[in-house]
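If you read the sequence shown in our numbering, its first letter stands for residue 2, the second for the next number, and so on.
Note that beta-carbon positions come from the ideal geometry of N, C-alpha and C, so glycine has one too.
Single-structure report; data block below.
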Amino acid sequence: MSVEDELAELRSELRYVRDRLAVLDCVMNHARGHDRHDEELMASAYHQDGTDEHGPVVKPGPGYGAYANEAHASVFADHLHHITTHTCEIDGDVAHCESYVIGAMRARDGKDVHLIGGRYLDRLERRNGQWRIALRRCTVEWTSRGDTALLTSGALTGFIQGSWDREDPSYARPLSLAETPVQRW
């Protein structure tokens with residue numbers, strides 16, 4: 002293989018790795034925005050004409066965050082969206098992804114946690130050099146419920162408690178033990 006051919010191959014491989022990371026970052030940033038109720042971060046995961054389908058609710062992607070925050074806050078005290086298995090097929094400027102998601106949602110009464118397993122079926126497109134969601138379709142595969150008694154038992158006293166805003170310690174820059182204020186259980 003000539004040096005030119007090897008460089009061309011390396012460029013192609015590097016482009017693929019950069020695209021894969023950008024696609025995964027988009028999916029992960031959406032989940033982070035969801036759990037921090039950060040509408041701006043959630044909206045940044047979608048193209049302006051993007052669409053989000055969650056069951057019977059189909060919304061413009063950039064506006065999904067406001068709807069989701071209101072819907073979640075009405076029934077949950079907090080929640081975490083865990084992205085697990087993630088596959089991605091890239092063909093030029095289009096990527097088709099399947100991301101497994103486990104949503105853990107603590108009820109407002111603080112007694113129960115609801116677990117919901119499903120998948121995000123996404124079509125992302127690279128436009129103007131940016132990978133964003135053009136279409137997201139959400140599946141639900143299973144649900145489960147458990148109790149959250151451990152949270153109020155005292156066993157977790159002193160652990161950091163997250164918040165649904167930019168006051169959450171994950172936004173602190175630089176993250177500091179002494180200078181980053183936190184709420185604790």
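Requested in this report: Would you list the residues sitting across from Ala23 in a DSSP beta bridge?
Outcome: Answer is none; Ala23 lacks a bridge partner.
Requested in this report: Examine the ligand ZN and report whether any of its heavy atoms sits within less than 8 Å of the Cβ of Ile117.
Outcome: Absence of the ligand ZN from the depicted structure is noted, as is the absence of any ligand whatsoever, leaving it without description.
Query raised in the report: How about Glu142 and Gly118: do their beta carbons lie closer than 9 Å?
Result: yes
Requested in this report: Could I get the ranges of all uninterrupted beta strand (DSSP E) runs contained in the stretch 13-93, with 3 residues as the minimum, in chain order?
Outcome: 47-55, 58-61 and 77-92
**Report entry** For Asp6, three-class secondary structure by DSSP
**Finding:** helix
Query raised in the report: Thinking C-alpha only, which one of His80, Met106, Leu8 and Gln49 is nearest Ile134?
Result: Gln49
Query - Neighbour-count burial assignment, Tyr121, 16 or more Cβ in a 10 Å radius - result: buried
Report task. Let me know the secondary structure DSSP gives Ser100 once reduced to three states. Result -> strand
Query - Own chain partners of Thr181 with C-beta closer than 7 Å, once the 5 adjacent residues on each side are dropped - result: Cβ-Cβ distances below 7 Å link Thr181 to Pro170 and Ala173 in the same chain, with the five nearest sequence neighbours on each side left out; the list follows chain order.
Query raised in the report: Does DSSP put Ala179 in a helix, in a strand, or in coil?
Result: Three-state result, Ala179: coil.
Query - Local conformation of Leu152 per DSSP, three classes - result: helix
Query raised in the report: Under three-state DSSP, which class holds Ser164?
Result: Of the three classes helix, strand and coil, the one that applies to Ser164 here is coil, per DSSP.
Query raised in the report: What's the call for Val1, buried or exposed, on a 16-neighbour Cβ count within 10 Å?
Result: The first residue shown for the chain is 2 and the last is 186, placing residue 1 beyond what the model contains.
Query raised in the report: What's the gap between the Cα of Glu22 and the Cα of Glu10?
Result: Note that residue 22 is Leu in the sequence shown here, rather than Glu. Straight-line Cα distance between these residues: approximately 18 Å.
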